[in-house]
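Reviewing the structure listed below.
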Amino acid sequence: MSSRPVRRRLAAAGVVGLALALSACSQTQATSNKSSAEVAGKVITTIPIGSRPVQQGGTLTMGLSADPDALDPTTSSSLYTRYVMETMCQKLYDTNADGQIVPMLATALPTLSDGGKTATFPIKQGVKFADGTPLNADAVVTTLKRDLTKPDSARASELGTLKTISATGNDEVRLTFGSPFAPLAASLADRAGMVMSPTALAKEGDHFGDHPVCVGPFKFASRVPATSITVEKDPNYYDAKDVHLDKIVYKIITDPAIRATDLKSGDVQVADTISPSDVNSLRSDKALTVMQVGSYGYQGIQINIANQHGVGTPPLQIDTPLAKSAQIREALSMAIDRKQLVKTVFDGYYDPACSPIAPNSAYATAASNACPPYDPSKAKQMLEQAGVKLPLQITMQTSNIPSSLQLAQAIQAQVRAAGFDLKIEPIEYTTLLQNDSQGKFEALQLGWSGRVDPNGDTYNFLFTGSGNNYSNYSNKQVDTWLAAAAATTDTATRADLYGKAIAQVQKDNPYIYLYRNRNLTGVANKVAGVSVYPDGVVRLSGAAFVAQG
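Mapping of the sequence shown onto my numbering: position 459 corresponds to residue 810, and the numbering continues sequentially without gaps.
Laid out in structure tokens, this is it:
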């Protein structure tokens, strides 16, 4: 999950810009006398160009904290891939700074009929892909059919009960569902809505991610694995006159201290995922601004329960105590002091979390906000009652970047008192995502960057067989609640259903939720037009070099 975690993972609908403090979580209190919002300071989601003179052209370099996976909207699972795709793969819809769904390549929100089981939407005209292929309804149909049917698609479960996809004209698409699907527009405001060139798809097939072609201000130029990705201005883009930069280089810099140093020196002009320990130093530099906003997402620990042959395959029980016993997984959750974790590892900038739904969401309830108590003594008793030999050894994979290792080591130290011997296995990020998908892990620390509709934070990870269900968790009652929540538009009803599902998930613990982070992004003051919303994506499409002062 970061986005998941990013994943693509590595939340829920909520008011953008508000701190996601868990004050409503009865067992988990604030990390200090101040809320994370007070610790973090002023919310900054956008650095506007305003009236400042713009320098046309130039190359912007962004320090990217992890190497993205394949640049393929159908299969991608990394938050960092979404950063790059934002510049070159526009979607049918988008979310704005207020968390609202707005048209992008579609020109209006879907029109529903047949009790909500049929949706139609118009497509923008006069638009070309980066390879010159015209955008039309048939191109959208080709993309959505690929998302729905490709064997390794990570998007199929994001499209609900979608049954048929058709063009009703050159510029209109019709979708029919087996049952109403409330999160449709939200799903099409993410990777499922990124429209791919049918010409490129026919040419590249499964290798589309090596040479992606979409509609966007920029187009793919080159990639040096684990080093950089470069995009360049697309002259075919329908609003090319409003694109200011010539190129954007995403430079892979996994160490947050080096990203901060490079930002100060000017080697990079934008840097994502600023470490809380570097924030004060960067804020004191008059040449820099630290953007910060609350997050829809969450971080936690996945437990491999039944993923023996890869995500989407039938659940097949893993033969480990952790996988077989919900009691042991509950004990592991109770052995973690979330309050202390965010205070010591993240300087109080982040919030403890026990749920995929943010407390300030319209879909939050007492049930979704509830947290297990921190009780290592009881956790140890539960291990003893489970009949396992203590200490119980568990291997947890994590990204090999310094901040992830620091978090893993803090968890390792905490759970020792409860009788767990946590072994840390550092893994390169893209390999970590592959292991996650293929079920090659016992436990794995990863997160999710969050979505504006809670369906994207729950169904895709917890419903049997879903594309992000890396634990291969399966609970028929949870499936029923999540399916019902996706089939109704009534907010109160959906909130109640999500609360019931999460209460059961907290008993089963296929995923142990730990904290909700804060998006911290460093930007040189000579750059403007940068935005970061609670979905975690750093938006550079409108960026430019500007005069200062």
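The beta-carbon is built from N, C-alpha and C at its ideal position, and this holds for glycine as well.
Query raised in the report: Looking at THR640 and GLY452, is the spacing between their C-beta atoms short of 8 Å?
Result: In the sequence shown, the residue the question calls residue 452 occupies position 101. In the sequence shown, the residue the question calls residue 640 occupies position 289. In the sequence under discussion, the amino acid at residue 452 is Ile, which differs from the Gly named in the question. No, Cβ-Cβ distance for ILE452 and THR640 is not below 8 Å.
Query raised in the report: If we ignore side chains and look at the alpha-carbon of each, how far apart do THR425 and LYS598 end up?
Result: Locating residue 425 in the sequence shown gives position 74, counting from the first residue. Locating residue 598 in the sequence shown gives position 247, counting from the first residue. For THR425 and LYS598, the distance between alpha carbons rounds to 25 Å.
Report task. Please list the segments of the alpha helix (DSSP H) lying wholly inside the region 486 to 537, counting only runs of 4 or more residues, in order along the chain. Result -> Listed in chain order, they are 488 to 500.
Query - Residue closest to VAL582, alpha-carbon to alpha-carbon, out of LYS570, VAL575, PRO576 - result: In the sequence shown, counting from the first residue as 1, residue 582 sits at position 231. It is LYS570.
Query - Per DSSP, the bridge partner or partners of SER548 - result: Residue numbering aside, residue 548 sits at position 197 when the sequence shown is read from its first letter. According to DSSP, SER548 bridges with nothing at all.
Query - Straight-line Cα distance separating ASP859 from GLY850 - result: Along the sequence shown, one-based indexing puts residue 850 at 499. Along the sequence shown, one-based indexing puts residue 859 at 508. So the alpha carbons of these two residues sit roughly 14 Å apart.
Query raised in the report: Between the Cα of ALA852 and the Cα atoms of ALA717, GLY873, SER882, which residue gives the shortest distance?
Result: Start at 1 with the first residue of the sequence shown, and residue 852 comes out as number 501. Of the listed residues, the one whose Cα sits closest to ALA852 is ALA717.
Requested in this report: Using alpha carbons as the reference points, say which of HIS660, VAL888, ARG689 lies closest to SER788.
Outcome: Against the sequence shown, residue 788 aligns to sequence position 437. Considering only alpha carbons, the answer is HIS660.
Report task. Keeping to the same chain, check which residues put their C-beta closer than 7 Å to that of VAL696; ignore five residues upstream and five downstream. Result -> Here residue 696 corresponds to residue number 345 of the sequence shown, with the count starting at 1. Around VAL696: GLN757, LEU758, ALA761.
Query - Under 8 Å between C-beta atoms of VAL897 and GLN620 - result: One-based indexing of the sequence shown puts residue 897 at position 546. One-based indexing of the sequence shown puts residue 620 at position 269. In this structure, GLN620 does not lie closer than 8 Å to VAL897 by Cβ.
Query raised in the report: Leaving out the 5 sequence neighbours to the left and right, which residues in its chain are closer than 8 Å to ILE345 when beta-carbon positions are compared?
Result: As shown, the chain starts at 352 and ends at 900. That puts residue 345 outside it, with no answer to give.
**Report entry** Same chain, Cβ closer than 6 Å to GLY880, five either side skipped, listed in chain order
**Finding:** For the purposes of this step, residue 880 is identified with residue 529 of the sequence shown, where counting begins at 1. Cβ neighbours of GLY880 beyond the five flanking positions: ILE400, GLY893, ALA894, ALA895.
**Report entry** Selection from ILE708, ILE652, ARG403 that minimises the alpha carbon distance to ILE745
**Finding:** Residue numbering aside, residue 745 sits at position 394 when the sequence shown is read from its first letter. Checking every option, the nearest Cα to that of ILE745 belongs to ILE652.
Report task. Measure how close the beta-carbons of ALA737 and GLN828 come, nearest whole angstrom, since I'm counting them as under 8 Å. Result -> Against the sequence shown, residue 737 aligns to sequence position 386. Against the sequence shown, residue 828 aligns to sequence position 477. Rounded, the Cβ-Cβ distance is 23 Å, inconsistent with contact.
**Report entry** Any beta strand (DSSP E) of 3 or more consecutive residues that is wholly inside the region 616 to 697
**Finding:** 639 to 645, 649 to 654
Query - Short Cβ contact (8 Å threshold) for ALA837 with ALA533 - result: Taking the first residue of the sequence shown as position 1, residue 837 is located at position 486. Taking the first residue of the sequence shown as position 1, residue 533 is located at position 182. Yes, the Cβ-Cβ distance between ALA837 and ALA533 is below 8 Å.
Requested in this report: Compare the Cα-Cα distances from VAL564 to each of VAL766, GLU776, MET545 and report the closest residue.
Outcome: As a first step, residue 564 is located in the sequence shown; it is residue number 213 there, counting from the start. Here the closest residue by C-alpha is MET545.
Report task. Confirm, please, whether the CB-CB distance from SER822 to ILE708 is below 8 Å. Result -> Start at 1 with the first residue of the sequence shown, and residue 708 comes out as number 357. Start at 1 with the first residue of the sequence shown, and residue 822 comes out as number 471. Cβ distance not < 8 Å, so ILE708 and SER822 don't count as in contact.
Query raised in the report: By the 10 Å Cβ neighbour count, where 16 or more other Cβ atoms means buried, how is GLU735 classified, buried or exposed?
Result: Reading the sequence shown from its first residue, position 384 is the one you call residue 735. GLU735 should be labelled exposed.
Query raised in the report: For the beta strand (DSSP E) that contains ASN870, what are its first and last residues?
Result: Within the sequence shown, numbered from 1, the residue matching residue 870 stands at position 519. Its beta strand (DSSP E) spans residues 869 to 875.
Query raised in the report: Which class does ALA834 belong to by DSSP, given the choice of helix, strand or coil?
Result: Along the sequence shown, read from residue 1 onward, the residue named residue 834 stands at position 483. Helix, per DSSP.
Query - the region 503 to 510 contacting the region 807 to 818, beta-carbon criterion three pairs below 8 Å - result: yes
**Report entry** Whether GLY617 touches GLY818 by CB criterion (8 Å)
**Finding:** The residue given as residue 617 occupies position 266 in the sequence shown. The residue given as residue 818 occupies position 467 in the sequence shown. Result no, Cβ atoms of GLY617 and GLY818 do not sit closer than 8 Å.
Query raised in the report: Three-state secondary structure (DSSP) at VAL829?
Result: In the sequence shown, counting from the first residue as 1, residue 829 sits at position 478. DSSP places VAL829 in helix when its eight states are reduced to three.
Requested in this report: From the DSSP output, in three-state form, read off THR910 for me.
Outcome: Nothing in the structure corresponds to residue 910, since the chain is present only between 352 and 900.
Query raised in the report: Using 8 Å as the limit for Cβ to Cβ distance, is PHE896 near chain C?
Result: Looking at the structure shown, chain C is missing, and only one protein chain is on hand.
Query raised in the report: Roughly how many angstroms lie between the CA atoms of LEU797 and GLN732, to the nearest whole one?
Result: If you number the sequence shown from 1, residue 797 lands on position 446. If you number the sequence shown from 1, residue 732 lands on position 381. Our two residues, LEU797 and GLN732, have alpha carbons roughly 28 Å apart in a direct line.
Report task. Can you grab the Cα-Cα spacing for the pair TYR780 / THR519, in whole Å? Result -> Your numbering for residue 780 matches position 429 in the sequence shown. Your numbering for residue 519 matches position 168 in the sequence shown. Spanning the two alpha carbons is a distance of roughly 42 Å.
Query raised in the report: What's the call for HIS595, buried or exposed, on a 16-neighbour Cβ count within 10 Å?
Result: The sequence position of residue 595 within the sequence shown is 244, counting from 1. When all chains shown are included, HIS595 counts as buried.
Query raised in the report: Cα separation between VAL600 and ALA768?
Result: For the purposes of this step, residue 600 is identified with residue 249 of the sequence shown, where counting begins at 1. For the purposes of this step, residue 768 is identified with residue 417 of the sequence shown, where counting begins at 1. C-alpha separation (whole angstroms): 46 Å.
Requested in this report: Within the same chain, show all residues whose beta-carbon is closer than 7 Å to that of TRP832, passing over the 5 residues directly before and after it, in chain order.
Outcome: Position 481 of the sequence shown, counting from 1, holds the residue named residue 832. Excluding sequence neighbours, TRP832 sits near LEU848, LYS851, ALA852.
Report task. Taking the CB atoms as reference points, tell me whether VAL524 and VAL491 lie closer together than 8 Å. Result -> Stepping through the sequence shown from its first residue, residue 524 is reached at position 173. Stepping through the sequence shown from its first residue, residue 491 is reached at position 140. Yes, these two residues count as a Cβ contact at 8 Å.
Query - Close Cβ partners of ARG634 (< 6 Å) along its chain, the five nearest in sequence each way excluded - result: Locating residue 634 in the sequence shown gives position 283, where the first residue counts as 1. Taken in chain order, the residues that qualify are VAL641.
Query raised in the report: So, helix, strand or coil for TYR431, using DSSP?
Result: As a working note, residue 431 is residue 80 in the sequence shown. Here TYR431 sits in helix by DSSP.
Query raised in the report: Run through DSSP, which three-state label would PRO424 get?
Result: Indexing the sequence shown from 1 puts residue 424 at position 73. Note: PRO424 maps to coil in three-state DSSP.
Query raised in the report: Nearest CA to the CA of ALA638: which residue from LYS393, ASN487, ALA875, ILE752?
Result: The residue labelled residue 638 in the question sits at position 287 within the sequence shown. The shortest C-alpha separation from ALA638 is found at ALA875.
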